Structure formats: structure tokens, C-alpha cells
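Under my numbering, the first residue of the sequence shown is numbered 1, with each subsequent residue one higher.
Idealized CB from N, CA, C, for every residue including glycine.
Quick caveat: nothing in here was measured; it's all calculated off a predicted structure.
Read the structure below first, then the notes.
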Amino acid sequence: MAVQYERIKKTIAALAAYGTLPQGGTTRLSYTAEYLAAQAFLQREMLESGMLAEVDPIGNLIGTYVGREPELTAVMSGSHLDTVPAGGNFDGALGIVAALECVRSWQEEGYRPKRTVRVIATIEEECTAFGMACFGVRVRGGEFKKQQPESIVHLTGGSLAECLQAAGLPHSALQDAAVGFQDLAAFVELHIEQGADLEERGLTCGAVTAIVGYDRLFLTLHGEANHAGTTSMRRRRDALAAAAEVILGVNELAEADDRFVATVGQLNVAPNAVNIVPGKVQLAIETRAADDRVLSEVRAKIMSLLERTASKSGVVITKENDFHVAAVPLSESVRKVIEQSAAECGVSFQAMPSWAGHDAQIFAASGVPTGMIFVPSINGVSHSKEERSDFQSVTQAVKVLEKTLKTLAEV
Numbered sequence: 001m002a003v004q005y006e007r008i009k010k011t012i013a014a015l016a017a018y019g020t021l022p023q024g025g026t027t028r029l030s031y032t033a034e035y036l037a038a039q040a041f042l043q044r045e046m047l048e049s050g051m052l053a054e055v056d057p058i059g060n061l062i063g064t065y066v067g068r069e070p071e072l073t074a075v076m077s078g079s080h081l082d083t084v085p086a087g088g089n090f091d092g093a094l095g096i097v098a099a100l101e102c103v104r105s106w107q108e109e110g111y112r113p114k115r116t117v118r119v120i121a122t123i124e125e126e127c128t129a130f131g132m133a134c135f136g137v138r139v140r141g142g143e144f145k146k147q148q149p150e151s152i153v154h155l156t157g158g159s160l161a162e163c164l165q166a167a168g169l170p171h172s173a174l175q176d177a178a179v180g181f182q183d184l185a186a187f188v189e190l191h192i193e194q195g196a197d198l199e200e201r202g203l204t205c206g207a208v209t210a211i212v213g214y215d216r217l218f219l220t221l222h223g224e225a226n227h228a229g230t231t232s233m234r235r236r237r238d239a240l241a242a243a244a245e246v247i248l249g250v251n252e253l254a255e256a257d258d259r260f261v262a263t264v265g266q267l268n269v270a271p272n273a274v275n276i277v278p279g280k281v282q283l284a285i286e287t288r289a290a291d292d293r294v295l296s297e298v299r300a301k302i303m304s305l306l307e308r309t310a311s312k313s314g315v316v317i318t319k320e321n322d323f324h325v326a327a328v329p330l331s332e333s334v335r336k337v338i339e340q341s342a343a344e345c346g347v348s349f350q351a352m353p354s355w356a357g358h359d360a361q362i363f364a365a366s367g368v369p370t371g372m373i374f375v376p377s378i379n380g381v382s383h384s385k386e387e388r389s390d391f392q393s394v395t396q397a398v399k400v401l402e403k404t405l406k407t408l409a410e411v
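Below, the structure written as C-alpha cells:
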């Protein structure tokens, strides 16, 4: 039988019930009671769909639909089960339900793929617990195997050790879960776009080319705090006025070049008083691009902007810290399978980068041939209780995923 619209819709609603807020939206944070209940629900659904299902030592749920030749490397699909606080019902959850629905349809038609297919519901992608994105997948890849859980501090207090104990998981999880990805032939993640491009173009799905990298630049602008009334304009070294020039300059650079986006999303002003010329401003600039060469080019332009601003204003600008995450290209061969599957399903699509980070980038960076399928987000809204996707488009995208997984699993 084909993938079923009503069953997809019903399962999304069932998952949303774990953590639903009275004012709308869903909060399902990793290792909480709501999270563990949702995980148990999914595990039951996997078992009923003919899969083996187990929670790994760090808390990732993995369903296994055993193939005709189980000795071959497996194909995996899924996404994250955790949400941001007061988030929506589609981010992450849709990718899990989509992969689950593919296996459900196979069980009903009696189809058994050549390769084993696994469905994963990853834990702690959203970095709300420990401030580290894609944590569950990174643990599985072995990134933290030399650490102890006490050293990983929860943002609200306590540590990973306490989370593991509360969830009934072993203290040695960082070592025990570090199995790597060498047993995977491919990974495909279906996800909402979290932007408006597909909807604006009237397209049903996107085939992702790369997951963007980003630069974060943390600056302090040192001016001179002084009396707001008695300090003439020509004598001022106003750190906030200089910061405003930097912010506008960064925006102008991004508006002139659609290869990247830029944001100044953090600003601290001192003394922060109505009658004092601001003496110090701390700000953070983030740029994102699908090509690291573009990020380097933009960084040079921003540094030039900072030099001009400092010279004009008399404010000293110092770099306190910077942080770079490389762009991750996804597999061209997997993307071609996605595009061919979309064409065969009669589903409109485009190739496009992902401007947000995803678990898929960890698989791809580890050498696993990786692809992503995007579903349009209504009005481009995500990380909000207003997050929505049209279920007709969702169902069409799941059909593309089903054909993609079937193709990859028969190679």
C-alpha cells in the first residue's frame, strides 16, 4: 500500500500531545518525562510496523527493518524528537514520522528491501539541554567518548550524568553509544524547510545540496562614557553609534549578495543609561553561506568595515572571540536519487541549500553519503507555535522519501 495521508497526520498529532502547552506549541526537551513518553510511543509504533526497536545508550531511538541481505550496510532515515521551548509540531518530528510511514507502507505491501533500513529518532539536536547542537548523533559518532557525563553541564544546572540516570541510561553512555557510522550505506533526512523559498516558488519539495557553514564574530567597541548633556557631539566617542554603523554596514553587505545572510542578534550596552553617552558595546555578528570561500570573502569585507568605522568614530574595536563551522556539502549521488524519485512521483522540486543546521550534516561530515528532502513551511515560520506545513505537500514529499529509500536500499 502507498503512504497514507491520514496516518501521517494522525501520528504527527499524537507526537505533539507529548509536551503540548496550554497557550499552544510544544515543549519536548531531551530526557524530560514528556520526551521519554514520546519516545516510548514511537518505539511501540516501530514494533507494530515490523521493526526491531531499541534506545541506544545516549537516548537515540533506532528502529530496524531487517533487509533480505542483512550483512550489507544499512540505509538510515529520520530526524530529531526534541523541540525548542514552545516550538511547533513539525520540526524534527515530521522526519521521524515520514521514515516510519515508509516502513509501514512496506510492511503492508509485504516488501522487504535488499538492505536493512533503519529509522532514527535522535536526541538533543536543538542544543536546549547542553548548548551543543546535534548532540545525540555526535555522541554516536564518537566525538565525546573521552569525556565523562559529569563534565557536560546542563544549561539549567546539573549534568548529563543526572539526565542519564533519570532516563535509565548507563553512566558509560558516551563510550557505549560511540558505535560510529561505518555500518551505513546512506542517510536521508526529511525536514521542514524552516524558510519561505519553496512556498514562494510554489514547489512541493527541495533536494538539499549543502548545509551552510557559519562564522560568528564577537566584538567589543570601546568608546568613552560621558555626560549626555555636557558632551558636545564633536567630542563624543559613542560606542553605540559606532555599533549602529557596523550593524547597518553588515546588513548592506548581505543585501547586496544573496550568497550569504548576516545577522547582528546580540548587543550589550554599557553603562546603558539614558543620560550617559555609551562607553562600551559588545555585539555578535553571524554570517551563513553554503560555501566556505564565500564566508572567507565576507569576513574580509566585515573586517574592512570595522577598520573604517573605528577610524571615523574614534572608537576602538577589538575581537574577543570568533567561531567557525564549515559548510557541509551533501552527496550528489543521493541528491540525484531524490530528484529522480521526485520526477517519477510527479512532485515539483528544486535543488537548494539548507540555511539551518541539521543532524544530516554530522552524518555527511563523517563520510556517510547523505541527502535531505525539504517540505515547504507555511509563511516560512518555524521554532514557533505557528509552525505549519500543508499535509498534501507533506504526503507528496513522503512519497519521494519512500521511493528514494527503496532505491538506495536495493543497490
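For Cys205 against Ala342, the beta-carbon gap comes to about 6 Å, under 8 Å, which counts as contact. Per the coordinates, the alpha-carbon of Lys146 lies some 31 Å from the alpha-carbon of Ala284. Rounded to whole angstroms, the separation of the alpha carbons of Asp183 and Pro271 is 56 Å. Pro70 sits exposed, since fewer than 16 C-beta atoms from the chains shown fall within 10 Å of its C-beta.
Secondary structure note for Gly249: it is in no beta strand (DSSP E), and the uninterrupted alpha helix (DSSP H) holding it is 239-255.
Distance check between Gly59 and each of Thr27, His171, Leu47 places His171 closest, using alpha-carbon atoms only. Counting along the chain, Ser105 sits inside the alpha helix (DSSP H) bounded by residues 93-109. In the DSSP assignment, Ser354 falls within the unbroken beta strand (DSSP E) covering 349-354.
Boundaries of the beta strand (DSSP E) harbouring Gly371: 370-375, taken from the DSSP string. Taking all protein chains in view, the Cβ of Pro22 is surrounded by fewer than 16 other Cβ atoms within 10 Å, so the residue is classified as exposed. Here Glu150 is exposed. Its C-beta has fewer than 16 other C-beta atoms within 10 Å.
Using a 10 angstroms sphere on the CB of Ala327, the tally of other CB atoms reaches 16 or more, which defines it as buried. Taken atom to atom, the span from the alpha-carbon of Gly367 to that of Gln39 is near 28 Å.
Assignment of Leu174 by DSSP, reduced to helix, strand and coil, places it in the helix class.
Closest in alpha carbon position to Arg216, among Arg236, Met303, Leu240, Ala351, is Met303. If you draw a straight line from the Cα of Val315 to the Cα of Gly157, it comes to about 38 Å. The straight-line gap separating the alpha-carbon atoms of Phe135 and Tyr18 is approximately 21 Å. In the DSSP secondary-structure assignment, Val400 is not bridged to any residue. The continuous beta strand (DSSP E) containing Glu189 extends over residues 184-192. The three-state reading of DSSP puts Thr122 in strand, counting E and B together. With a cut-off of 8 Å on Cβ pairs, the segment 97-105 is in contact with the segment 395-403, counting three or more such pairs. Excluding the 5 residues flanking it on each side, Leu306 has same chain C-beta neighbours closer than 8 Å at Leu219, Val246, Ile317, in chain order. The bridge partners DSSP lists for Lys280 are His222, Ala270.
Contact annotation, Val75 with Leu330: C-beta distance approximately 15 Å; criterion of less than 8 Å not satisfied.
Just so you know, the alpha carbons of Thr263 and Asp322 end up roughly 15 Å apart.
Residues Thr128, Ala129, Phe130, Gly131 of the same chain have their beta carbon placed closer than 8 Å to that of Leu155, with the five preceding and five following residues left out of the count. Excluding its 5 nearest sequence neighbours in each direction, Ser382 has C-beta neighbours in its own chain below 7 Å: Gly88, Asp91, Ile192, Gln194, listed in chain order.
With respect to the 8 Å criterion, Ala225 and Thr309 are not classified as neighbours on the basis of their beta carbons.
Under the DSSP assignment, Gly136 falls in the alpha helix (DSSP H) whose first and last residues are 135-140.
In the same chain as Glu344, and ignoring 5 residues on each side of it, the C-beta atoms closer than 7 Å to its own belong to Lys403, in chain order. For Ser159, same chain residues with a beta-carbon under 8 Å away, outside a window of 5 residues either side, are Pro149, Glu150, Ser151, Ile152, Val153 in chain order. For Ala13, the enclosing alpha helix (DSSP H) starts and ends at 5-16.
The segment 284-294 makes contact with the segment 250-268, as at least three CB pairs between them are under 8 Å.
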